[in-house]
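A quick write-up on the structure given underneath.
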Amino acid sequence: MALMITDECINCDVCEPECPNDAISAGEEIYVIDPSCCTECVGHYDEPQCQQVCPVDCIPLDPERRETQDELMAKYRLITAA
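Here is the structure:
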């Protein structure tokens, strides 16, 4: 699954620089995650770094975007091959 940022986001800006895939950016009101770039840090780290630094715990798995570990690794390989 890709991750998502909920409306509890306080725009603290700590998650964006932690994303190794540059999947996080400022949206109109809160930060957003581009699901095509989010690998939940698979290939980079053991745990999603944005979740680790979020002070309000507003970055859950996106139930609309279910992906297996193999799919996340394949996405990681595509992103890093460029």
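In the UniProt record's numbering, the protein residues as written are 1 to 82. Glycine included, C-beta positions come from ideal geometry on N, C-alpha and C.
Please identify the residue among the options whose C-alpha is closest to the C-alpha of residue i.
{"i": "ASP46", "options": "ALA81, GLU64, VAL14 and MET73", "result": "MET73"}
{"i": "ILE79", "options": "THR6, GLU16 and ASP22", "result": "ASP22"}
{"i": "GLU64", "options": "GLU28, ARG77, SER25 and PRO35", "result": "PRO35"}
{"i": "ILE30", "options": "TYR76, CYS58 and ALA81", "result": "CYS58"}
{"i": "GLU71", "options": "GLU28, SER25, GLY27 and GLU40", "result": "GLU40"}
Skipping 5 residues on each side, what residues in its chain have a beta carbon closer than 6 Å to that of residue i?
{"i": "ARG66", "result": "MET1"}
{"i": "CYS38", "result": "ALA2, LEU3 and ALA23"}
For residue i, which residues does DSSP report across the bridge?
{"i": "ALA26", "result": "TYR31"}
{"i": "LEU3", "result": "LEU61"}
When you compare the CB positions of residue i and residue j, do they come within less than 8 Å of one another, or not?
{"i": "GLN49", "j": "CYS19", "result": "yes"}
{"i": "VAL56", "j": "GLU8", "result": "yes"}
{"i": "ILE10", "j": "VAL32", "result": "no"}
Might you give, ordered along the chain, the residues of its own chain that have their beta carbon closer than 7 Å to the beta carbon of residue i, omitting 5 neighbours on each side?
{"i": "VAL53", "result": "VAL14, CYS15 and GLU18"}
{"i": "ASP62", "result": "MET1, ALA2, LEU3, MET4 and PRO35"}
Within its chain, find whatever has a CB closer than 8 Å to the CB of residue i; leave out the 5 residues flanking it on each side and keep chain order.
{"i": "GLN69", "result": "VAL42"}
Tell me the start and end of each unbroken alpha helix (DSSP H) in the UniProt domain "4Fe-4S ferredoxin-type" (31-64) that is at least 4 residues and wholly inside, in chain order. 49-53
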